[in-house]
Structure formats: structure tokens, C-alpha cells
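> Note that the sequence shown covers residues 1 to 344 in the UniProt record's numbering.
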Amino acid sequence: MRGEFARPATLADVANRAGVSAATVSRVLNRSTLVARGTRERVEKAIHELQYVVNGHARALAAAASEVIGVVVGDMSDPFFAHIVAGVQDQTFLAGQLALVCSTGSDPTREIGQLEHLRRLRADGVILVGGSVREAGHQRELTRLLSGFHNRGARIVLCGRPPIRDLPGACAITFDNTGGTLRLVEHLKALGHTQIGYVTGPPLRSTSTERLHGYQIAAPGHDPSLIEQGTFTRESGWAASCKLLRRSDITAIVAANDLMAAGALAAVRAARLSVPDSVSVAGFDDIEFCQDTNPPLTTVRLPLREAGAMAGRIACGLDAAPPSGVIRLGADLVVRATTGPVRA
């Protein structure tokens, strides 16, 4: 036998049960302060009794908002992105919004495609995580899409990438990638190292070029053959380090991230050399496994989760972006056991 509300209860049903208008029910649902306490309690009681569930999709369409924060990342299997996303999700949960994580596989075309999806979903905010692709065509398309978000009132945060010149409405949270690598190479030079190999990240990525710039500043007049190309993966760190180790004069290898540094450690062991007695190795980011490598990895620490939390709060509207539109975060040298003096 069908009961009074065998069908899902509607907003009108709640209004009838509580003896108020549908507009009053809507105000209660939207936490308006204009509703008297007694009226609010009657409405909340009716909602509970009728087991009324808000039609989130219809409500979002009516409000032209989705309560979704799009988080576009390169590769969720990379701990760099995972730590930042964790910080974002801490804040979106507190704000009552959903962090929708979209992985691009570090493919610029997929980055544009994911943003198109978020545009159709009418995301309330967009966070782009990790280095930007410095290619003119991609930058134009990216700026066009993000300008559309901005013009609709969505908040845009660039986390771990530089500001976009033609998009003043976006907030950029940047890391001191150049200074971090500079301090790392200076640390090795103080230990007597002069032939320091460097494994860089993918070309045209802002993170790669910023960290490489730090190496170039610290090692003026360096031999270009001391630089090998990587892709921010352990496997590429291994392959690049194997090439560097063919040189008999290499005494240290710096990798542009910790995953590639892990590959470098494996390459040194495979060459039957020891770390740091034969070759010093260092990375960048200070992801969790750095304390557990053998020996523990010297690296540069970035406040990844904290940066994600900042991005999440700004994207949700909990915090305002600074007037400059840029937040600069430091990078700290963490000396562990993979770097040591050059052996005489």
C-alpha cells in the first residue's frame, strides 16, 4: 500500500508539513539568518520526518553553482601531486564542497580537455597543480579557458606554477624552485664537488626550467654534457644517471625531483659504487620515502600539503588572494646521508 510519501518528498511537501512557504524552506536550506529560530526548527523537523533530500543538481542549476572545485593535476601516482591534493581536500571538506581531481597524465591536450569538462560542470573554482607548459599555443588556449571561468565568477588558483600574465584574476602559489636547487648545489660545492651531474625534468615545463636555472646559477660555465634529460619518473632518473656515470669524473648527481633521485641511487648501486663515498646523490621535494632510502636522501623540502591547503581555501572562498595575486613559498635544504665530501 502506497503511503503519503511513497514518492520522494519535495520542497513543497516540506513547506506544507511545516506550515510555511516554499521560499522559507529554501532559506532554511541555504542557512539564511533571516529565518526565526522557531520557524527554522519546524522546517528542520519536517525535513527529518519526510526524509527530504535536496535535489543537488537542480539546486546547483538554479544557483548557477556546482559546489565543485576542479583540481587538475599531472599524475596522481607522483607523491608531489598527492600531497598537494590532500591539502586541497582538507579545506574543500571543511567548506562543504567537493574536490573533483582530474589527472592529465602530464599531457597538455588532456589538461585543456579536463578544463572543458569542468567548464560544463560550472565548477565554482579551479586549481591547476604543478608546472605549466611553456608553449605559446597551449598558453593561449589555457588563458582563454581560464578567462571564461574568471568572467563567470569562478576562483582560479595556480599551485606550484607561475602567474599567467594575461590572467590577473588568478592567484598563483609559487615555490622557490630556483633558490632550492641553488642551495643544494652550493651545499655540494662546499663538500668539494666540482663535477656535479644534473638530471632535469621534462622540457618546456616551468618547474623543470626553474630548477635547472638554479643549477646553472650555482655552476657557472658548467659542461653541458653534465646535464641529462629526465621526465620526473624513477625510470628516467635511472637511465639519465647511468649515462652520467659513464664519466669517470662525476662525483655527485642532483635530480630535479625525488623520484628521479631514487632512480639515481639505484644506478649508482648497479655501477657497484657507493653513496656517498663514491658518488653523492640529492633530490628535490622531500616526499615521504626520502627518509627511508638507503642511505636517507638529501633533498629540498617544499611545503606541499600546506600549499594545497592554501589553494583549497582560496578556491573555496574561505580566504582571499593577496592584492599582488602571488604567494611565494620557500624551499628548505634537508641534508641527510646521501651527500658527503669528495673522496681524496
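Don't be surprised by glycine CBs; every beta carbon is placed ideally from N, CA and C.
How is Ala-154 classed by DSSP in three states: helix, strand or coil?
Position 154 of the sequence shown, counted from the first residue, corresponds to residue 154. Three-state DSSP puts Ala-154 in coil, outside helix and strand.
> Mapping DSSP to helix, strand and coil, what is Gln-229?
For the purposes of this step, residue 229 is taken as the residue at position 229 of the sequence shown. Correct three-state label for Gln-229: strand.
> Would Val-68 pass as an interface residue toward chain D - the criterion being a Cβ-Cβ separation below 9 angstroms?
Considering every chain present, this structure includes no chain D. It has just one protein chain.
> Measuring only the C-alpha atoms, how far is Val-20 from Phe-93?
The residue you call residue 20 lines up with position 20 of the sequence shown. The residue you call residue 93 lines up with position 93 of the sequence shown. When rounded, the distance between both Cα atoms is 32 angstroms.
> Relative to the C-alpha of Ile-173, which residue among Arg-313, Val-268 and Ser-274 is closest?
Numbered from 1 along the sequence shown, position 173 holds the residue referred to as residue 173. Ranking Arg-313, Val-268 and Ser-274 by Cα distance to Ile-173 puts Arg-313 first.
> For Ala-123, which three-state DSSP category applies?
Counted from its first residue, the sequence shown places residue 123 at position 123. If DSSP states are grouped into helix, strand and coil, Ala-123 belongs with coil.
> Does the region 247-266 come close enough to the region 284-299 to have 3 or more Cβ pairs within less than 8 angstroms?
Contact holds: three or more Cβ-Cβ distances are below 8 angstroms.
> Closest by CA to Ser-106, which one among Gly-130, Arg-119 and Arg-122?
Sequence index remark: in the sequence shown, residue 106 carries index 106 (1-based). The residue with the shortest Cα to Cα distance from Ser-106 is Gly-130.
> Looking at the unbroken alpha helix (DSSP H) that takes in Ile-47, where does it start and where does it end?
For the purposes of this step, residue 47 is taken as the residue at position 47 of the sequence shown. Looking at the DSSP string, the run of the alpha helix (DSSP H) that includes Ile-47 is 37-50.
> Considering Gly-237, what are the terminal residues of the alpha helix (DSSP H) in which it resides?
On the sequence shown, residue 237 is found 237 positions in, with the first residue counted as 1. Taken as a continuous stretch (DSSP letters only), the alpha helix (DSSP H) holding Gly-237 covers 234-244.
> DSSP three-state label for Ala-9, please.
Taking the first residue of the sequence shown as position 1, residue 9 is located at position 9. Ala-9 falls in the coil class under three-state DSSP.
> Would you call the CB atoms of Val-71 and Ile-127 closer than 9 angstroms?
Mapped onto the sequence shown, residue 71 falls at position 71. Mapped onto the sequence shown, residue 127 falls at position 127. In contact: Val-71 and Ile-127 (Cβ atoms closer than 9 angstroms).
> Look up Ala-136 in the DSSP assignment and say whether it is helix, strand or coil.
Taking the first residue of the sequence shown as 1, we reach residue 136 at position 136. The answer is helix: DSSP assigns Ala-136 an H, G or I state.
> Under the assumption that Thr-181 contacts Tyr-215 (Cβ atoms under 8 angstroms), give the Cβ distance between them as a whole number of angstroms.
Here residue 181 refers to the residue found at position 181 of the sequence shown. Here residue 215 refers to the residue found at position 215 of the sequence shown. Correct: roughly 5 angstroms between the Cβ atoms.
> Would you say Thr-231 and Gly-201 are within 9 angstroms of each other, going by their C-beta atoms?
Start at 1 with the first residue of the sequence shown, and residue 231 comes out as number 231. Start at 1 with the first residue of the sequence shown, and residue 201 comes out as number 201. It is a contact, given that the beta carbons lie within the stated cut-off.
> Once you ignore the five residues that flank Arg-234 on each side, which residues in its own chain have a CB closer than 6 angstroms to its CB?
Sequence index remark: in the sequence shown, residue 234 carries index 234 (1-based). Around Arg-234: Leu-259, Ala-262 and Gly-263.
> Cys-171 lies in the beta strand (DSSP E); which residues open and close that run?
Residue numbering aside, residue 171 sits at position 171 when the sequence shown is read from its first letter. Taken as a continuous stretch (DSSP letters only), the beta strand (DSSP E) holding Cys-171 covers 171-175.
> Please report the straight-line C-alpha distance between Gly-237 and Ser-278, rounded to a whole angstrom.
Within the sequence shown, the letter at position 237 stands for residue 237. Within the sequence shown, the letter at position 278 stands for residue 278. Roughly 18 angstroms between the two C-alpha positions.
> How would you label Gly-330, buried or exposed, when you count the other beta carbons within 10 angstroms and need 16 or more for buried?
As a position in the sequence shown, residue 330 is number 330, starting the count at 1. Under this definition Gly-330 is an exposed residue.
> Going by C-alpha distance, which of Val-88, Cys-102 and Ser-103 is nearest Gly-96?
Position 96 of the sequence shown, counted from the first residue, corresponds to residue 96. Among Val-88, Cys-102 and Ser-103, the Cα nearest to that of Gly-96 belongs to Val-88.
> Going by the DSSP bridge assignment, what does Tyr-198 pair with across the sheet?
Within the sequence shown, residue 198 is the residue found at index 198, counting from 1. In DSSP, Tyr-198 forms a bridge with Ile-227 and Val-254.
> Buried or exposed: where does Gln-91 fall if 16 or more other Cβ atoms within 10 Å of its Cβ makes it buried?
As a first step, residue 91 must be located in the sequence shown, where it is residue number 91. The residue is buried, with at least 16 neighbouring Cβ atoms inside 10 Å.
> Return the CA-CA distance between His-138 and Leu-204, expressed in angstroms with no decimal places.
For the purposes of this step, residue 138 is taken as residue 138 along the sequence shown, with counting starting at 1. For the purposes of this step, residue 204 is taken as residue 204 along the sequence shown, with counting starting at 1. Using only the alpha carbons, I get a separation of about 11 angstroms.
> Taking Cβ positions, are Leu-226 and Gly-192 nearer each other than 9 angstroms?
By 1-based counting over the sequence shown, the position of residue 226 is 226. By 1-based counting over the sequence shown, the position of residue 192 is 192. Contact: no.
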